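Protein chains in written order, with this note's numbering: chain S, 1 to 210; chain U, 1001 to 1210.
Using N, Cα and C, we set each Cβ at its ideal position, and we do this for glycine too.
These figures come from a predicted structure and were not determined experimentally.
There are 2 protein chains.
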Amino acid sequence: MRISELSRVSGVPLPTIKYYLREGLLLPGSPTAPNQADYGDAHLHRLRLVRALMEVGGLGVTAVRAVLDAIADDRLPMRSVVGLAHRALGPPSDSGPVPEEVARARAEVDRFLEDLGWQVSQEAPARRSLADALVALWRLGRDVGADVFQPYAVAADELAAFELATVPTGAPRAETVERVVVGTVVFEAALAALRRLAQANHAATRFGGD
Amino acid sequence: MRISELSRVSGVPLPTIKYYLREGLLLPGSPTAPNQADYGDAHLHRLRLVRALMEVGGLGVTAVRAVLDAIADDRLPMRSVVGLAHRALGPPSDSGPVPEEVARARAEVDRFLEDLGWQVSQEAPARRSLADALVALWRLGRDVGADVFQPYAVAADELAAFELATVPTGAPRAETVERVVVGTVVFEAALAALRRLAQANHAATRFGGD
DNA sequence: CGTTAGTAGAGAGTGCTACTATCCATAAGC
DNA sequence: GCTTATGGATAGTAGCACTCTCTACTAACG
Chain S
1 MRISELSRVS GVPLPTIKYY LREGLLLPGS PTAPNQADYG DAHLHRLRLV
51 RALMEVGGLG VTAVRAVLDA IADDRLPMRS VVGLAHRALG PPSDSGPVPE
101 EVARARAEVD RFLEDLGWQV SQEAPARRSL ADALVALWRL GRDVGADVFQ
151 PYAVAADELA AFELATVPTG APRAETVERV VVGTVVFEAA LAALRRLAQA
201 NHAATRFGGD
Chain U
1001 MRISELSRVS GVPLPTIKYY LREGLLLPGS PTAPNQADYG DAHLHRLRLV
1051 RALMEVGGLG VTAVRAVLDA IADDRLPMRS VVGLAHRALG PPSDSGPVPE
1101 EVARARAEVD RFLEDLGWQV SQEAPARRSL ADALVALWRL GRDVGADVFQ
1151 PYAVAADELA AFELATVPTG APRAETVERV VVGTVVFEAA LAALRRLAQA
1201 NHAATRFGGD
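Shown next, in the form of C-alpha cells:
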C-alpha cells in the first residue's frame, strides 16, 4: 500500500506519517521507484502502536522511539525491555541537586519497598515518582509515612501478578515484548480511568446529600 | 512574608510565582505599599497545591485554575467538585466527529459500567478515557471486550471505597474538598508508580532466566 | 499523449504552553 | 544616599508535535 492509503486506513494525517518517518518512529517502506515506496501491514501495525503510546500513554516522540528501539533489539533480555519501557514512561532523570525533603522521601520509599519484599532495580524511575508523590503530601501538610501507600501496593501487586501470568509463554519474543509494553501503557490509563469512575460512584453515595 | 521569601521557602522561582499571580493561580498578597505586598501561609499552601497538581498530576495551568475555582466555590455541592477535578484531569472533550470504532467502544464501556452497577454521570470524561484504551487494544489486534477491565475495576472499586471512607466527616468543607482533590491526583500517580514497581518485581521472577 | 493527482524527501514555519527576561518606578535596608 | 528588592507589565524563549511548502519527479486516467 502507498503512503496515502496508510494514512486513510490508520486515520493519521499524511504529513504526520512523513514526520514519523523522519523521526525514525516508522521504518521507510520498500522503494518501488525514486519517488514511490510500498508499505505493508507491519507499517500499519507499528503506526497504530506509535499512536497508542502517544495518545493513550501520553509518551513523547523521543520516549516512543526509545521504547520501539528496546522492543526491536533482540539482544536485550526481556526484563530489560520492561525496565526501558518504564524509563520512557517515567520522569526524565535528576536535574540538579535533590532537596533534602526529596532525599528523605526516597529513603522512606526504598525502605517501604524492602519491607514489601519487592525485588526492584535501584534505578527504577517509579521509585522517584512514588517519592515525589510522598513529598507532595508532606508539603500539603499531611504528616504521613510511605505506609499510606500500603493498600495501593497490595492492589498493584495483585494486578501485576495477574497481568504477567496472562502473558502467553510460547509466543515469539517480539510479540511477547510488545504485549507487555502495550499492557503497561494501556492498562495504566485504563486503571486510572476506572479509579476515577469508582470514585465518582462512591462519592455519589458518600456526599449524596451535600 | 514578601515574594522573595515565598520563593525561597517554596523553592519555586520568583518569576514563576509572578507568572502564577498573573494567571490567577495565586491570589495577590495584601499590599503594604504601592510596590509591596505581604504573603501569608495561605499563599504558601496554595502555591504548593498548584505545584503538586502540575508536577505530580501533570495538569496544565488552565486545568489547575479550573480545579482551584471549583474548590473555592462554596456553592458547589461536594460531588460536583470531584466531577470538576476529574474533568480537569481527563481529556479535553470531543473535537470533530467520532470514529465508528470509538462510538462502539463507548457503548461497550457504558454497558460494562452498568453491569458493575456503578452510578456514574454520563458525561464523566473517564468513560471516554476507558473507551480510548479499549480502542487502542482493538487497533493493535487484541480482540477483547470491555470485560478485560474486570480485574482492574474490582481493584479500583476497593481503593475508591477505602479512600472515600478515610475522608474525615466533621472537617470544614474547604479542607475536605482539597483533601479529596489532592487524593485523586496524588494517589493516582502513586498507584501508577506502584504498579510499575510491582511489574518490575514480577517480571524479574517471570522472565528471570531470559 | 497529455493532464491531473500523488509521491519522496527535506527545510521552514506554526501554534501552543510554561515559563523567563527585561524594564521601570518605587521602596526597603544598611 | 546607595545598593538591593519589589510590584507590575510587556516581550521574549524553549520545547514539542506537528504542518506547510517546495522540488523533482511518476502513476493513473481518459
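First through last residue of the alpha helix (DSSP H) which encompasses residue i
{"i": "Asp157 of chain S", "result": "150-165"}
{"i": "Gln199 of chain S", "result": "173-206"}
{"i": "Asp1038 of chain U", "result": "Element bounds for Asp1038 of chain U: not the alpha helix (DSSP H) but the beta strand (DSSP E), 1036-1038."}
{"i": "Glu100 of chain S", "result": "100-116"}
{"i": "Pro1125 of chain U", "result": "1125-1139"}
{"i": "Thr1016 of chain U", "result": "1014-1023"}
{"i": "Thr62 of chain S", "result": "61-72"}
{"i": "Asp41 of chain S", "result": "41-51"}
{"i": "Gly1083 of chain U", "result": "1078-1089"}
{"i": "Arg1008 of chain U", "result": "1003-1010"}
Per-residue contacts from residue i into chain S (C-beta, under 9 Å)
{"i": "Leu1048 of chain U", "result": "First, the amino acid is wrong: residue 1048 of chain U is Arg here, not Leu. Those within 9 Å of Arg1048 of chain U in chain S are Ala136, Arg139, Leu140, Gly141."}
Chain S contact residues for residue i, given Cβ-Cβ distances below 7 Å
{"i": "Asp1157 of chain U", "result": "Ala198"}
{"i": "Tyr1152 of chain U", "result": "Leu159, Phe187, Ala190, Leu191, Leu194"}
{"i": "Gln1119 of chain U", "result": "Asn201, Ala204"}
{"i": "Ser1129 of chain U", "result": "Ala189, Ala193"}
{"i": "Leu1113 of chain U", "result": "Leu197"}
N- and C-terminal bounds of the beta strand (DSSP E) containing residue i
{"i": "Thr1032 of chain U", "result": "1030-1033"}
Chain-ordered chain U contacts of residue i [CB-CB under 8 Å]
{"i": "Ala217 of chain S", "result": "Residue 217 of chain S is absent from the model: chain S starts at 1 and stops at 210."}
{"i": "Leu164 of chain S", "result": "Gln1199, His1202, Ala1203, Arg1206"}
{"i": "Ala124 of chain S", "result": "Arg1196, Leu1197, Ala1200"}
{"i": "Val82 of chain S", "result": "Gln1199, Ala1200, Ala1203, Phe1207"}
Contact belief for residue i with residue j at Cβ below 8 Å, rounded distance in angstroms
{"i": "Val120 of chain S", "j": "Leu1197 of chain U", "result": "5 Å"}
{"i": "Thr32 of chain S", "j": "Asp41 of chain S", "result": "In fact, because the Cβ distance is near 17 Å, the residues do not count as touching under 8 Å."}
{"i": "Gln199 of chain S", "j": "Ala1155 of chain U", "result": "At roughly 13 Å, the Cβ-Cβ gap does not stay under 8 Å, so Gln199 of chain S and Ala1155 of chain U are not in contact."}
{"i": "Met54 of chain S", "j": "Val64 of chain S", "result": "6 Å"}
{"i": "Ile71 of chain S", "j": "Val167 of chain S", "result": "The Cβ separation is near 14 Å, so there is no contact."}
{"i": "Leu1116 of chain U", "j": "Ala1153 of chain U", "result": "6 Å"}
{"i": "Ala52 of chain S", "j": "Arg1139 of chain U", "result": "7 Å"}
{"i": "Leu1044 of chain U", "j": "Leu1006 of chain U", "result": "6 Å"}
{"i": "Ala25 of chain S", "j": "Val61 of chain S", "result": "A small fix is needed here, since residue 25 of chain S is Leu in this sequence, not Ala. Right, the Cβ-Cβ distance comes to about 7 Å (below 8 Å), so this counts as a contact."}
{"i": "Val144 of chain S", "j": "Val56 of chain S", "result": "Their Cβ separation, rounded to whole angstroms, is 31 Å, which puts Val144 of chain S and Val56 of chain S out of contact at 8 Å."}
{"i": "Arg1128 of chain U", "j": "Pro1091 of chain U", "result": "6 Å"}
{"i": "Val1098 of chain U", "j": "Leu1130 of chain U", "result": "Not quite, the Cβ-Cβ distance comes to about 15 Å (not below 8 Å), so this is no contact."}
Chain U residues whose Cβ lies nearer than 7 Å to that of residue i
{"i": "Met1 of chain S", "result": "Under the 7 Å cutoff, chain U gives no residues; its nearest Cβ is about 16 Å from Met1 of chain S."}
{"i": "Arg65 of chain S", "result": "Simply none; closest approach about 18 Å."}
Proximal residues of chain S, C-beta to C-beta of residue i below 8 Å
{"i": "Gly1011 of chain U", "result": "Pro99"}
Any non-hydrogen atom of the ligand MN closer than 7 Å to residue i Cβ
{"i": "Thr184 of chain S", "result": "Annotation note on the ligand MN: not contained in the displayed structure, which lists no ligands."}
If contact means a Cβ-Cβ distance below 7 Å, which residues of the region 174-197 of chain S contact chain U? So the close ones are Val182, Thr184, Val186, Phe187, Glu188, Ala189, Ala190, Leu191, Ala192, Ala193, Leu194, Arg195, Arg196, Leu197.
Quick one, which residues of the region 1086-1111 of chain U are near chain S if we go by CB-CB under 8 Å, in chain order? Listed by position, the residues of the region 1086-1111 of chain U near chain S (Cβ gap below 8 Å) are His1086, Leu1089, Gly1090, Pro1099.
Hey, is the region 100-110 of chain S in contact with the region 127-136 of chain S, meaning 3+ C-beta pairs nearer than 8 Å? Contact holds: three or more Cβ-Cβ distances are below 8 Å.
Per the contact definition of three or more C-beta pairs closer than 8 Å, is the region 1086-1093 of chain U in contact with the region 1123-1133 of chain U? Touching, yes, given that three or more Cβ pairs across the two stretches are closer than 8 Å.
Counting pairs of Cβ atoms below 8 Å between the region 1141-1160 of chain U and the region 190-198 of chain S, do you hit three or more? Contact between the region 1141-1160 of chain U and the region 190-198 of chain S is present, because at least three Cβ pairs lie under 8 Å.
Counting Cβ pairs, one atom from each stretch, are 3 or more of them under 8 Å apart for the region 1-19 of chain S and the region 41-50 of chain S? As far as the Cβ criterion goes, the region 1-19 of chain S touches the region 41-50 of chain S, which means the pair count is three or higher.
What residues in the region 1021-1051 of chain U have a beta carbon less than 9 Å from any beta carbon of chain S? Of all residues in the region 1021-1051 of chain U, His1045, Arg1048, Leu1049, Arg1051 have a Cβ within less than 9 Å of some Cβ in chain S.
Does the pairing of the region 67-82 of chain S with the region 174-181 of chain S give three or more beta-carbon distances under 8 Å? Output reads yes: the region 174-181 of chain S touches the region 67-82 of chain S.
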